[in-house]
RNA sequence: GCAGGAUUGGCUCGAAGGUCGAGCCCGCGGUCGAUAACCGCGAGGCGUUGGUUCGAUUCCAACAUCCUGCACCA
């Protein structure tokens with residue numbers, strides 16, 4: 001009875017799967033997101049994590065004023081890797097994202113939008129506009145973060161503009177206030193006369209400006225012999241140079257550089273008169289003032305360091321006042337006379353110097369820029385108009401040595417573009433030197449420095465960095481003359497101006513904020529909080545007004561730990577980790593630390609990790625004008641959110657990271673390799689049911705067992721690297737595993753078994769069991785990074801339906817999961833065998849390549865090889881002899897025991913004997929022996945019999 | 001100017017006081033049963049200058065370039 005022969009190709013078990021080779025991520029990821037939403041996946045993860053130890057990453061709030069950029073994506077992906085990996089490592093690790101919503105950038109944007117209208121609007125209406133602006137971008141950023149696969153409590157994030165949050169900020173402020181950390185004091189700030197407002201540094205732009213400059217004589221009021229004996233009996237003066245004559249009424253000191261040499265230069269018309277200027281600038285000064293004064297630097301009477309001039313008294317050029325000689329390092333020798341007129345109320349450095357020497361920093365310039373309390377010549381004029389009469393005045397008093405106009409770079413208001421001035425104003429401060437109220441000793445500064453040591457900083461240099469900053473920072477100026485923020489909700493006595501500090505009233509204000517938000521301060525409702533009959537404790541005044549300054553937004557975000565942590569059982573205080581860009585050592589890490597120290601005496605975090613900056617391929621910062629911006633939203637839309645995630649995983653985030661379109665393409669290439677690994681596994685698991693078809697570890701082939709142990713080694717590395725946040729090592733290692741260990745080695749070798757064996761043959765089932773375990777493990781190990789693809793794979797993996805709806809509710813695989821319970825992890829002998837076999841295989845492949853070059857063979861199966869080796873290699877090969885041809889993927893491999901020169905092995909390649917089997921493509925001398933299938937080899941003949949049930 | 005960090009094939013990374021290494025890219029070839037895939041072979045590098053050392057890409061110092069934060073231009 002004759003049979004109709006089967007079509008041979010149909011008897012080959014080719015891979016079969018709907019897991020497409022083309023990911024089409026841009027199209028498919030949104031579907032996966034919808035699926036996750038439908039599953040309520042984040043909530044499910046929370047439920048399944050209940051009761052496990054918590055591990056808290058507290059989110060640093062991005063600023064809600066634009067779409068996300070690559071730095072945001074880096075930040076959020078890193079956090080997502082950490083939270084997901086902690087979750088899969090067995091922790092309850094909730095993630096509450098947050099936003100920073102108050103502050104200047106939004107207020108300025110809204111200002112620009114409102115224009116002149118703002119001045120006519122009530123503050124509460126301006127605040128509403130700001131709120132709408134922030135809300136808009138909070139919404140946008142939330143969707144963008146979700147799009148790149150970040151899991152979190154997106155429907156209940158924290159935001160700095162909610163009543164709850166605002167009340168916590170105020171409560172934190174009161175805690176500082178009631179413990180005596182807070183004081184009011186003067187500080188020099190940028191001031192725009194036109195807009196009558198203080199400006200932040202960010203609001204200042206340098207533009208060219210023409211200023212009158214003057215060289216002014218300050219006569220020494222003390223005995224010049226104090227400086228140098230040679231000056232006894234002389235009439236000594238010094239000369240200052242300034243571009244702001246209007247600040248001269250506020251001149252309180254003249255500054256010298258302590259380490260520079262100064263000289264007393266005689267006036268050649270009147271040799272008893274000497275002028276003290278810097279030695280290095282004497283020639284220049286001579287030229288500058290030559291029209292009024294004939295200095296003779298060559299005839300200097302004395303030379304002395306600047307420090308000799310400290311605390312000497314000089315006569316103010318036109319006021320009845322002494323001016324103190326002071327020392328300052330910032331006095332340079334590139335312009336002027338080496339002597340700097342110092343007005344503490346009108347310059348930042350001047351102010352600092354003023355504090356150091358106890359000088360008066362009261363400003364006699366009002367908010368409109370008008371000089372007050374001055375001489376009739378200039379009193380009542382604005383600073384710009386006062387320059388001319390003051391110069392005239394100097395002339396009249398005979399102290400003007402020279403004047404001219406110069407054009408130089410000068411700070412301007414970025415909105416009205418008028419030149420700005422420095423002005424000392426009253427501000428609120430937190431003192432760094434206040435003793436801690438908890439009785440444990442130390443000051444805010446010293447205790448903070450101690451707390452820093454208990455925190456783990458990654459990279460380690462962060463500790464030194466933040467310590468330096470805390471050690472050297474001035475008191476914290478926490479007030480801002482702005483609207484969009486949390487007000488410093490304090491009542492001030494209208495009589496004496498002193499603030500009220502009554503804890504009972506403070507609590508009532510916190511309660512009001514918790515109910516109605518900080519907006520309430522801008523309504524009459526706040527006034528009713530003050531009980532009738534409240535008296536000022538300082539002057540017994542009965543009338544009070546509200547402080548309308550707002551709190552520095554860094555204080556707000558620095559209070560986030562108190563707003564978010566410690567209120568729910570699985571969100572305990574303090575956080576295990578804060579992680580942001582390295583710029584936050586001065587920003588959020590810094591303010592959070594101080595806020596927590598002042599209120600709780602402890603750091604709000606156990607560990608701080610920092611990431612670098614995102615730069616372009618040439619290492620330049622990204623900017624729209626350079627056109628080198630990589631937009632993560634755009635990448636997600638074209639290449640996939642997974643590619644953004646994988647890029648983040650690929651770089652060492654601790655240093656500055658580079659990115660470009662080109663680099664993203666490269667990452668996409670690598671992604672395809674990982675995807676194809678998953679696809680190969682799924683394709684070859686067609687018809688495999690792990691419940692029914694799995695083969696016990698002991699019955700697997702040696703190579704299968706070896707690969708499962710390799711997978712365990714991979715799992716161990718990956719899990720360690722997740723713990724250490726070394727994601728780029730995971731990326732490299734997984735890439736290597738997929739490309740070298742699987743694709744180029746194991747999967748290649750496996751094809752013969754998977755494709756040509758009978759579907760249910762034990763050897764094939766063993767291979768399937770192995771790749772099933774590898775895929776199962778790999779998907780879970782990679783899930784924190786390739787969250788989309790791992791879950792997609794999970795849905796296709798046979799038997800996974802029984803193990804949960806998503807890979808994200810599983811945990812990392814244990815060695816037992818991979819090998820089977822009770823299988824020992826180590827098998828040293830097996831590992832050594834395979835190390836040897838690997839090395840021999842490499843030699844064989846090289847020999848095959850040579851034979852190919854010589855046109856002896858084409859494909860490897862056209863070849864037979866003979867390997868000659870001596871012990872110990874020989875005996876290893878001998879034990880694996882029947883498998884060698886499959887390992888080398890040739891049609892025959894024979895072995896001879898023979899020592900080689902140099903101790904190596906010899907590989908001889910020849911044309912394979914026999915005919916090519918049409919089915920398995922191996923060459924065999926037995927092709928033609930099967931009557932029904934005359935074109936197949938003896939192995940395939942047997943397989944076909946099995947398939948046909950013969 | 002001050003503080004901190006970085007510099008390894010074209011790209012991203014890893015390791016180490018003893019010939020550095022991996023993946024990708026690139027070149028050549030194979031395969032045509034993972035096919036917009038797969039396999040093999042090959043080429044290519046330690047910023048500069050000194051010092052310590054038997055030996056330095058590694059440790060030290062200076063320089064250069066780049067990045068971050070801070071300060072400043074009277």
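Residue numbers (my numbering): 1 to 950.
Virtual Cβ for every residue (Gly too), placed ideally from N, Cα, C.
Nothing here was measured: the structure is a model prediction, and the numbers come from that model.
C-beta atoms of residue i and residue j nearer than 8 Å
i, j, result
"residue 611", "residue 78", "yes"
"residue 841", "residue 888", "yes"
"residue 649", "residue 730", "yes"
"residue 336", "residue 281", "yes"
"residue 456", "residue 597", "no"
"residue 276", "residue 238", "yes"
"residue 382", "residue 193", "yes"
"residue 323", "residue 251", "yes"
"residue 496", "residue 538", "yes"
"residue 492", "residue 426", "no"
"residue 550", "residue 480", "yes"
"residue 105", "residue 63", "yes"
"residue 95", "residue 152", "yes"
"residue 342", "residue 254", "yes"
"residue 778", "residue 510", "no"
Top-ranked residue by Cα proximity to residue i, from the options
i, options, result
"residue 52", "80, 86, 935, 58", "86"
"residue 707", "665, 769, 723, 195", "769"
"residue 642", "576, 156, 787, 755", "787"
"residue 793", "7, 32, 8", "32"
"residue 317", "614, 723, 240", "240"
"residue 266", "526, 849, 231", "231"
"residue 864", "855, 848, 491", "848"
"residue 328", "320, 311, 315", "311"
"residue 594", "500, 357, 433, 680", "433"
"residue 673", "740, 568, 133, 635", "740"
Local conformation of residue i per DSSP, three classes
i, result
"residue 866", "strand"
"residue 92", "strand"
"residue 231", "helix"
"residue 291", "coil"
"residue 885", "helix"
"residue 18", "coil"
"residue 154", "coil"
"residue 284", "helix"
"residue 896", "strand"
"residue 2", "With a pLDDT of only 48 at residue 2, under the threshold of 50, the placement of this residue in the model should not be trusted; the figure read from the coordinates follows. Of the three classes helix, strand and coil, the one that applies to residue 2 here is coil, per DSSP."
"residue 760", "coil"
"residue 424", "strand"
"residue 544", "strand"
"residue 727", "helix"
Paired residues, beta bridge with residue i - DSSP
i, result
"residue 915", "924"
"residue 476", "430"
"residue 322", "315"
"residue 568", "571"
"residue 217", "239"
"residue 190", "199, 422"
"residue 463", "BP columns for residue 463 are empty, so no partner."
"residue 303", "263"
"residue 966", "Residue numbering for the chain in the displayed model covers 1 to 950; residue 966 lies beyond these limits and cannot be assessed."
Residue i beta carbon near the ligand GDP (any heavy atom closer than 7 Å)
i, result
"residue 843", "Only the bare structure without any ligand can be found here, which leaves the ligand GDP out of the picture."
Would you call the region 319-335 and the region 399-410 in contact, with 3 or more CB pairs under 8 Å?
-> no
Could you tell me whether the region 522-537 touches the region 443-462, using the rule of 3 or more Cβ pairs below 8 Å?
-> no
For the 8 Å Cβ check, are there 3 or more pairs between the region 429-444 and the region 206-219?
-> no
At least three beta-carbon pairs within less than 8 Å, the region 414-422 to the region 577-585 | no
Report yes or no: do the region 822-834 and the region 692-707 share at least 3 C-beta pairs separated by less than 8 Å?
-> yes
Is there contact here, the region 285-302 with the region 251-261, by at least three beta-carbon pairs under 8 Å?
-> no
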